[in-house]
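In what follows, a single structure is set out as structure tokens and then discussed.
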Amino acid sequence: MDSLAGPYLNKKALCSPLGAARLCQLALGCAVIAMVVHSAGYSGSHGVFCMAAWCFCFAMTVVVFFLDATRLHSCLPVSWDNLTVTCAAFATLMYVTASVVYPLFFVRIECPYAGCEVRDFRIAVTVCSIMATLAYGAEVALCRARPGQAVVGYMATVSGLLKVVQGFVTCIIFGALANGSEYSRYGATIYCVVVYAFCFALTALVVIMTVCGRTKAVRCMPFDRFTVVCTLLEVLLYLSASVVWPVFCFDTKYGSPWRPSSCPRGKCTWDSKVVVAVFSFVNFVLYLVDLIYSQRTKFVSSHRPTFSRA
């Protein structure tokens, strides 16, 4: 071994608040998956979603922790800080969703199971999932840039984190659209779908450019100005979709303002339309907040990837 060589392992990956947060994520994620497989169980599309979310986040955290501890992330052509905070924000949203969906469909106060063992395991799964959500949220809080700072890690800013939330909300909209929303009945609702797809692609482009360290690829304007222009366009498009979709879905001329009594729960077209309408407005608000906050942050473009502070 070369005596002049530095340490091969990054001690801060363990001995730091950020490292502690990731270790908690790994421990709690492993506990959740083990309890579900052992006794808690899952079934149906909702259970499969929860299990997939937990497994994906656990695998992603293992990879991030390993690359950070071994310093191998320096070999990747990415901005490490931007990548890790994006992963943490996405995992937080996934865990929040699973922590709501799993107890809603699988946990009951009464004890219909033999010896209540299954119920107790499901309650434990829910508790561990909530604690893991807090652990991922702690990582986001530790990495988040403070307002007014000139930062290289755009995804650590409020605007960058909002990009992740916007993309996640759009995925919920896509899921509702695919669940029998009948969006193809009118040209106006097709326009709304085009708006959702275009804004999602634009948001994904900004995130990918940032994570890949390609923030100087926009030659005609600085990257921070480019994101503001994109966000303003998205605000205007979502404003139109937030008005057009409810009109063409719930006005008596085109649809029904009330839920049909014969509509089956879980497979109701009207319910899917409501989900799209609500989350369209939610995303409009998110893009508007993003536009406001983007005026407060000065982003410094860089070709070189930034490395973890942990």
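Numbering (the numbering used here), first residue to last: 103 to 412. Don't be surprised by glycine CBs; every beta carbon is placed ideally from N, CA and C.
Just mark residue i as buried or exposed, buried being the case when its beta carbon has 16 or more other beta carbons within 10 Å.
{"i": "Ile211", "result": "exposed"}
{"i": "Val387", "result": "exposed"}
{"i": "His140", "result": "exposed"}
{"i": "Leu264", "result": "buried"}
{"i": "Phe160", "result": "buried"}
{"i": "Cys117", "result": "exposed"}
{"i": "Gly146", "result": "exposed"}
{"i": "Phe208", "result": "buried"}
{"i": "Met153", "result": "buried"}
{"i": "Gly121", "result": "buried"}
{"i": "Cys322", "result": "exposed"}
{"i": "Leu279", "result": "buried"}
{"i": "Pro407", "result": "Note that Pro407 scores 41 on pLDDT, short of 50, meaning its location in the model is unreliable and no value can be drawn from it."}
{"i": "Ala234", "result": "buried"}
{"i": "Phe300", "result": "exposed"}
{"i": "Val313", "result": "buried"}
{"i": "Cys177", "result": "exposed"}
{"i": "Val165", "result": "exposed"}
Which two residues bound the contiguous alpha helix (DSSP H) that contains residue i?
{"i": "Lys355", "result": "Element bounds for Lys355: n/a, residue is neither H nor E."}
{"i": "Ala154", "result": "146–172"}
{"i": "Thr291", "result": "289–313"}
{"i": "Ser201", "result": "182–208"}
{"i": "Thr228", "result": "219–245"}
{"i": "Pro119", "result": "119–137"}
{"i": "Ile274", "result": "260–280"}
{"i": "Tyr395", "result": "371–395"}
For residue i, collect the residues of the same chain with a Cβ closer than 6 Å to its Cβ; drop the 5 residues on either side in sequence, then sort them by chain order.
{"i": "Ala123", "result": "Ala237, Ala240, Glu241"}
{"i": "Val297", "result": "Leu339, Ala343"}
{"i": "Gly269", "result": "Thr305"}
{"i": "Phe381", "result": "Val271, Ile274, Ile275"}
{"i": "Phe223", "result": "Met137, Ser141, Ala142"}
{"i": "Leu169", "result": "His175"}
{"i": "Gln397", "result": "none"}
{"i": "Val377", "result": "Ala278"}
{"i": "Gly262", "result": "Tyr256"}
Identify, in the order they occur along the chain, each residue of the same chain with its Cβ nearer than 8 Å to the Cβ of residue i, setting aside the five sequence neighbours on each side.
{"i": "Val266", "result": "Thr188, Ala191, Phe192, Leu195, Met257, Val309"}
{"i": "Tyr144", "result": "Val138, Val150, Cys152, Met153, Tyr204, Phe208"}
{"i": "Val295", "result": "Leu279, Tyr285"}
{"i": "Ser105", "result": "Caution applies to Ser105, whose pLDDT of 41 falls short of 50 and renders its modelled position unreliable; the value that the coordinates give is listed next. Hits under 8 Å: none found."}
By Cβ distance, which residues of its chain are closer than 7 Å to residue i, with the 5 residues on each side in sequence left out?
{"i": "Ala133", "result": "Cys230"}
{"i": "Leu111", "result": "Ala171, Thr172"}
{"i": "Tyr288", "result": "Phe350, Tyr356"}
{"i": "His405", "result": "Note that His405 has pLDDT 43, beneath the 50 cutoff, so the model's placement of it is unreliable and the number below is only indicative. Excluding positions up to five away in sequence, the list reads Gly315, Lys318."}
{"i": "Tyr389", "result": "Gln268, Thr333, Glu336, Val337, Tyr340"}
{"i": "Glu219", "result": "Ser141"}
{"i": "Phe302", "result": "Gly269, Thr272"}
{"i": "Pro119", "result": "Leu244"}
Between the options, which has its C-alpha nearest residue i's C-alpha?
{"i": "Leu341", "options": "Tyr293, Lys114, Asp373, Cys322", "result": "Tyr293"}
{"i": "Thr291", "options": "Leu169, Ala299, Trp347, Ala278", "result": "Trp347"}
{"i": "Asp392", "options": "Met162, Val260, Ala299", "result": "Val260"}
{"i": "Val349", "options": "Tyr285, Glu336, Thr317", "result": "Tyr285"}
{"i": "Cys213", "options": "Val202, Ile225, Tyr204, Val203", "result": "Ile225"}
{"i": "Thr163", "options": "Cys177, Ser176, Ala129, Val331", "result": "Ala129"}
{"i": "Ala155", "options": "Gly121, Ala200, Cys126, Lys113", "result": "Ala200"}
{"i": "Val330", "options": "Ile394, Cys177, Tyr144", "result": "Ile394"}
{"i": "Met311", "options": "Phe300, Glu336, Lys113, Phe325", "result": "Phe325"}
{"i": "Val384", "options": "Val337, Lys114, Gln397, Cys370", "result": "Val337"}
{"i": "Asn281", "options": "Ser374, Thr354, Gly262, Arg246", "result": "Ser374"}
{"i": "Thr317", "options": "Gln397, Gln127, Thr228, Val180", "result": "Val180"}
{"i": "Gly131", "options": "Tyr197, Gly277, Leu334, Thr354", "result": "Tyr197"}
{"i": "Trp115", "options": "Thr186, Thr354, Cys301", "result": "Strictly speaking, residue 115 in this sequence is Ala, with Trp absent from that position. Here the closest residue by C-alpha is Thr186."}
{"i": "Asp353", "options": "Thr333, Cys370, Ala379", "result": "Ala379"}
{"i": "Val202", "options": "Arg221, Val227, Leu307", "result": "Val227"}
{"i": "Ser283", "options": "Cys370, Trp182, Asn184, Phe167", "result": "Cys370"}
{"i": "Leu206", "options": "His148, Lys113, Val345", "result": "His148"}
Comparing the C-beta of residue i with each C-beta of chain B, is any distance below 9 Å?
{"i": "Gly146", "result": "Any reference to chain B falls outside this structure, which holds one protein chain only."}
- prompt: Fully enclosed by the stretch 319–350, which alpha helix (DSSP H) runs are 4 residues long or longer?
  reply: DSSP runs (the alpha helix (DSSP H)) wholly in the stretch 319–350: none.
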